[in-house]
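**Student:** From first to last, the protein sequence lines are chains A and B. Heads up, the first sequence is in this note's numbering, so the first residue is 33 and it goes up one at a time. Heads up, the second sequence is in this note's numbering, so the first residue is 33 and it goes up one at a time. Idealized CB from N, CA, C, for every residue including glycine. Take this structure first; my questions come after.
Number of protein chains: 2
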Amino acid sequence: MASRANLSDIAKALGVSVATVSNAMSGKGRVSQELGRTIREKAKELGYVPSLAGRALSTGRSHVLGLVLADIAHPLFPQFAQAIEHAASEAGYGVLIGDSRGDVEAQSRAINRLIERGADGIVVVPRHGTRIGDIGRPVAVIDSPTTPGNTVAADHWNGGREIGRHLLDLGHRSVAIIGLHSDSNVQNDRIGGIREAFAGRGETRLIWIGEMERRHGAGCSLGLVRLVEEGVTAFAAVSDLHALRAITELQQGGISIPGDVSVTGFDDLVWAGVIAPSLTTMRMDMERIAEIAIADLISQIEQDGAGAVPHGLKASQGQNCIPMELIIRQSSGPKLGLPASDERTPGLRGSASPTVDQV
Amino acid sequence: MASRANLSDIAKALGVSVATVSNAMSGKGRVSQELGRTIREKAKELGYVPSLAGRALSTGRSHVLGLVLADIAHPLFPQFAQAIEHAASEAGYGVLIGDSRGDVEAQSRAINRLIERGADGIVVVPRHGTRIGDIGRPVAVIDSPTTPGNTVAADHWNGGREIGRHLLDLGHRSVAIIGLHSDSNVQNDRIGGIREAFAGRGETRLIWIGEMERRHGAGCSLGLVRLVEEGVTAFAAVSDLHALRAITELQQGGISIPGDVSVTGFDDLVWAGVIAPSLTTMRMDMERIAEIAIADLISQIEQDGAGAVPHGLKASQGQNCIPMELIIRQSSGPKLGLPASDERTPGLRGSASPTVDQV
DNA sequence: GCATATTGATTAAACGTTTAATCTGCTTCT
DNA sequence: AGAAGCAGATTAAACGTTTAATCAATATGC
């Protein structure tokens, strides 16, 4: 097996020209049924695998996409990477990863590296507070639906609203929302949704972990026990990561979950189902998000040159806001002292069709 | 800006041949200092970026490596990906990701896809219980030092021993080790190390989560409170994931950590530092592991063809076992009822130089 | 002063694919 | 029967790089 068979090997073996073989394989030119079959058989026999490099050089398309996450170390990265890789692979594309190590300015460097490597397009999940400028090549941005230039994203706002409704449903009237950075579009959407649900029905207060840590050091106590004493009965974190922090801090403080207070998260990270109590959370439909992002990217790539569509206007406008799914587990329960199914907020149930894990 | 400048653009602009430009850029052939500088200046001026496709076609090297993790959704994946990407990028390589969705058989399919995509070599973190056969191209396997064919890995065994010593140091004499699958080399190494440390100094018992879940369903209680009643004072999980499960289950059961019992993990996952209590754990030196894996891979790639080194025997034999680092946080403390610094196991301290997080 | 290295450059082929343009027989129409 | 059309193939150029082989001119050795 001297390296790999190529088109000309097949051509030589059959006494035809390379062009004919190429046409037969791609089904593009004019080749007789008969000869076409013969060629494809021979190709399989010789174990022919097209050279991506040759094709790339000839067509100017590498059939490789770049994936840039602001911070590759983010616990959500695996889900993203898996979904994107799958969608891209289905479409015949490979996925090259780029890392910016959380650094704002390194983000664009990472993007550039990928472009220099020949990526036909880039999927970006930008760092909070940054925007992606024109990089001269197709981009799909996954941030939040309210972000200008966003391609596709989960409906974080509605997700927040469903979490809010879920807690209201359980009788909670005072919730503390836990966020990290106030410049994250995603977090602000989620928070906005929760607040909208609570508007006129209960009170919300807001905790920014980032700010607290700047004052009291990383890993500091969030003072949640104190909040419980002040009457807060539910904590809605904008990420499972913060929900986890809340749960452990509360448990350590002797507060029972969901007996005394409820805690909810966002994202359904891998461990959400196995902690005690397992975490009620809101899950993005990564598969669909990835599919749409990739589809958009590919349509941009293929139009490119011919269509001359201005990069600002996206093809698949409108269907870019993907519903989230409420996953009810053990960490959320009826407000303390509430009769089993009483005082529920009427008319709110039913908008979501939540998944309930068996325990 | 009509697409991108290439070698012949530069050549034309300067009235020299493409070959000379190529030589000047790569510093390989014979070019005068003078002309070399001129060419490089012109290249910069025109914003020249070499075409990887052209180069790949000519040299037969894509300068792309594949990264295959058994399960891309594993929480350790971000760390791996980040480290590998960094090391590869430093060496001038891009990283293509492949996913096998945890499926055993899909693992080899993923590897093949990457090879067909032209990856010059593959980094594999195999699924527990699988081995990587000869795939006809350079591979670096990151599993455990005791795995045959392994290229580089953390010293899981010694890591286990240090965890064991740490717990012994704190006065614990009865530890429950928590693992997931009994066919994981990594886990078995870690467990072996812990047991070695405890041999003759205390008793260990073993819990396989995988087995329990097969019997009682996913997310079931591990019955840890019961073990505490039986006299276990410390839990050593072989992954932070399981440590987290243990901590929350114990906390929910009203057991104080580290007051009543200690809990330790492995891997230092992102959230290990921010839960309450923060988690004492053992960290791999991903940077070094990645560096060595990449270096090994590249040396294989470059020897290939010339050296004709049998793929089984690795170049960098010996230095492939990277020490782990003990990170002492809040979740481990002296055994209940033990005077502050008494009854410590003598002669054990000092073998490790642990990092202690400030709180 | 003539053969020989050495330096600095050029030429040309090669990598594997795609694709527009061309060529050769055949069929079909008038 | 001659022109036109068409199916089925081939030719040849192009993509951008690398690299072995070659060549001209200058420096070195005796």
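1. Is the number of C-beta pairs between the region 305 to 317 of chain B and the region 309 to 326 of chain A that are closer than 8 Å three or more?
2. Could you tell me whether any Cβ in chain B is nearer than 9 Å to the Cβ of E148(A)?
3. Please classify H274(A): is it buried, with 16 or more other beta-carbons within 10 angstroms of its beta-carbon, or exposed?
4. Taking Cβ-Cβ distances shorter than 8 Å, what residues in chain A pair up with R320(B)?
5. Quick one: is V157(B) buried, meaning 16 or more other Cβ sit within 10 Å of its Cβ, or exposed?
6. Where Q111(B) and T296(B) are concerned, what is the direct C-alpha to C-alpha distance, given to the nearest angstrom?
7. Would F230(A) count as contacting chain B if we go by Cβ distances under 9 Å?
8. Straight-line CA distance for T52(A) to I330(A)?
9. Kindly list, in the order they appear in chain A, the residues whose Cβ is closer than 8 Å to that of E117(B).
10. Buried or exposed for G59(A), going by 16 or more other Cβ atoms inside 10 Å?
11. Give, in chain order, every residue of the region 60 to 92 of chain B whose Cβ lies closer than 7 Å to some Cβ of chain A.
12. Determine the chain A residues that contact L273(B) at a beta-carbon separation under 8 Å, and present them in chain order.
13. In chain A, which residues lie with their C-beta within 7 Å of the C-beta of G251(B)?
14. Name, please, each residue of chain A whose Cβ falls closer than 9 Å to the Cβ of F298(B).
15. By how many angstroms is the C-alpha of G249(A) removed from the C-alpha of A304(B)?
16. Going by DSSP, name the residue or residues bridged to M314(B).
17. Along the chain, where does the alpha helix (DSSP H) containing D41(B) start, and where does it finish?
18. Starting from E235(B), trace the alpha helix (DSSP H) both ways and give me its first and last residue.
19. Please report the straight-line C-alpha distance between P342(A) and K44(A), rounded to a whole angstrom.
20. Determine contact between the region 214 to 233 of chain A and the region 178 to 198 of chain A, defined as no fewer than three beta-carbon pairs at a distance below 8 Å.
21. Kindly confirm or deny that the region 197 to 208 of chain A and the region 257 to 267 of chain A touch, where touching means at least three C-beta pairs closer than 8 Å.
22. On a Cα-Cα basis, can you pick out the residue from V293(B), S294(B), R163(B) that is closest to N217(B)?
23. Put L78(B) into one of helix, strand or coil per three-state DSSP.
24. Can you tell me which of P107(A), R149(A), V63(A) puts its alpha carbon nearest to the alpha carbon of R93(A)?
25. Any C-beta of chain B sitting closer than 9 Å to the C-beta of E122(A)?
26. Is P107(A) close to chain B, meaning its C-beta is less than 9 Å from at least one C-beta of that chain?
27. Please report whether the beta-carbon of H343(B) lies at a distance below 9 Å from any beta-carbon of chain A.
28. Using 9 Å as the limit for Cβ to Cβ distance, is Q284(A) near chain B?
29. Taking 9 Å as the threshold (beta carbon to beta carbon), is K276(B) in contact with chain A?
30. Taking C-beta pairs closer than 8 Å, name the residues in chain B that T280(A) reaches, listed in chain order.
31. Is the shortest distance between the beta-carbon of P110(A) and the beta-carbons of chain B less than 9 Å?
32. Hey, does I333(A) have any beta-carbon neighbour from chain B nearer than 9 Å?
33. Please confirm whether Q283(A) and Q284(B) have their CB atoms less than 9 Å apart.
34. Excluding the five sequence neighbours on either side, which residues of its own chain have a C-beta within less than 6 Å of the C-beta of A372(A), listed in chain order?
35. Distance check for V96(B) and V293(A), CA to CA, integer angstroms please.
36. Distance, Cα to Cα, I42(A) vs E334(B)?
**Tutor:** Result, derived from the coordinates:
1. no
2. By 1-based counting over the first sequence, the position of residue 148(A) is 116. E148(A) counts as touching chain B.
3. Here the question's residue 274(A) lines up with position 242 in the first sequence. H274(A) comes out buried.
4. Residue numbering aside, residue 320(B) sits at position 288 when the second sequence is read from its first letter. Neighbours of R320(B) on chain A: none; closest Cβ ~17 Å, over 8 Å.
5. Taking the second sequence and counting its residues from 1, one reaches residue 157(B) at position 125. By the neighbour-count rule (16 or more Cβ atoms within 10 Å), V157(B) is buried.
6. Walking along the second sequence from the start, residue 111(B) turns up at place 79. Walking along the second sequence from the start, residue 296(B) turns up at place 264. Whole-angstrom Cα-Cα distance: 20 Å.
7. Along the first sequence, one-based indexing puts residue 230(A) at 198. Not an interface residue.
8. Against the first sequence, residue 52(A) aligns to sequence position 20. Against the first sequence, residue 330(A) aligns to sequence position 298. C-alpha separation (whole angstroms): 28 Å.
9. Along the second sequence, one-based indexing puts residue 117(B) at 85. Simply I104, I129, G130, D131.
10. Locating residue 59(A) in the first sequence gives position 27, counting from the first residue. Looking at its Cβ environment, which holds fewer than 16 other Cβ atoms inside 10 Å, G59(A) is exposed.
11. V81, L84, A85, G86, A88, L89
12. Residue mapping note: residue 273(B) aligns to position 241 of the second sequence, counting from 1. Simply V302, W303, V306.
13. Start at 1 with the first residue of the second sequence, and residue 251(B) comes out as number 219. G305, V306, S310, V391, listed in chain order.
14. Against the second sequence, residue 298(B) aligns to sequence position 266. Correct list: empty, because the minimum Cβ distance to chain A is about 14 Å.
15. Position 272 of the second sequence holds residue 304(B). Position 217 of the first sequence holds residue 249(A). Straight-line Cα distance between these residues: approximately 16 Å.
16. As a working mapping, residue 314(B) is identified with position 282 in the second sequence. DSSP, once it has assigned bridges, lists L358(B) as partnering M314(B).
17. For the purposes of this step, residue 41(B) is taken as residue 9 along the second sequence, with counting starting at 1. Unbroken alpha helix (DSSP H) run through D41(B): 39 to 46.
18. Taking the first residue of the second sequence as position 1, residue 235(B) is located at position 203. Where E235(B) is concerned, there is no enclosing alpha helix (DSSP H), although the beta strand (DSSP E) it sits in stretches over 235 to 240.
19. Here residue 342(A) refers to the residue found at position 310 of the first sequence. Here residue 44(A) refers to the residue found at position 12 of the first sequence. Low local confidence applies: a pLDDT of 47 at P342(A) is under 50, so the model's placement there is unreliable, with the coordinate-based value given in what follows. Rounded to whole angstroms, P342(A) to K44(A) spans 46 Å at the Cα level.
20. yes
21. yes
22. In the second sequence, counting from the first residue as 1, residue 217(B) sits at position 185. Ranking V293(B), S294(B), R163(B) by Cα distance to N217(B) puts R163(B) first.
23. Counted from its first residue, the second sequence places residue 78(B) at position 46. Here L78(B) sits in coil by DSSP.
24. Start at 1 with the first residue of the first sequence, and residue 93(A) comes out as number 61. Ranking the options by Cα distance to R93(A), first place goes to R149(A).
25. Start at 1 with the first residue of the first sequence, and residue 122(A) comes out as number 90. By this cut-off, E122(A) is not an interface position.
26. Indexing the first sequence from 1 puts residue 107(A) at position 75. Taking Cβ atoms only, chain B reaches closer than 9 Å to P107(A), which makes this a yes.
27. Translated into positions along the second sequence, residue 343(B) becomes position 311. Legend: pLDDT at H343(B) = 46, less than 50; position of this residue unreliable, value from coordinates given subsequently. Chain A contact via Cβ: absent.
28. Mapped onto the first sequence, residue 284(A) falls at position 252. Answer yes: the Cβ-Cβ gap between Q284(A) and chain B drops below 9 Å somewhere.
29. Looking up residue 276(B) in the second sequence gives position 244. First, the amino acid is wrong: residue 276(B) is Leu here, not Lys. Yes - at least one Cβ of chain A is within 9 Å of the one on L276(B).
30. On the first sequence, position 248 is the one that residue 280(A) refers to. Within chain B, the residues near T280(A) are I279, T280, Q283, I307, A308, P309.
31. Looking up residue 110(A) in the first sequence gives position 78. By this cut-off, P110(A) is an interface position.
32. Here residue 333(A) refers to the residue found at position 301 when the first sequence is read from its first residue. No, because no Cβ of chain B sits closer than 9 Å to the Cβ of I333(A).
33. The residue you call residue 283(A) lines up with position 251 of the first sequence. The residue you call residue 284(B) lines up with position 252 of the second sequence. Yes; because the gap between Cβ atoms is below 9 Å, this pair is in contact.
34. Indexing the first sequence from 1 puts residue 372(A) at position 340. Any reading at A372(A) is ruled out, since the residue's pLDDT is 48, under 50, leaving its predicted position unreliable.
35. Within the first sequence, residue 293(A) is the residue found at index 261, counting from 1. Within the second sequence, residue 96(B) is the residue found at index 64, counting from 1. About 51 Å.
36. By 1-based counting over the first sequence, the position of residue 42(A) is 10. By 1-based counting over the second sequence, the position of residue 334(B) is 302. In a straight line, the C-alpha of I42(A) is about 29 Å away from that of E334(B).
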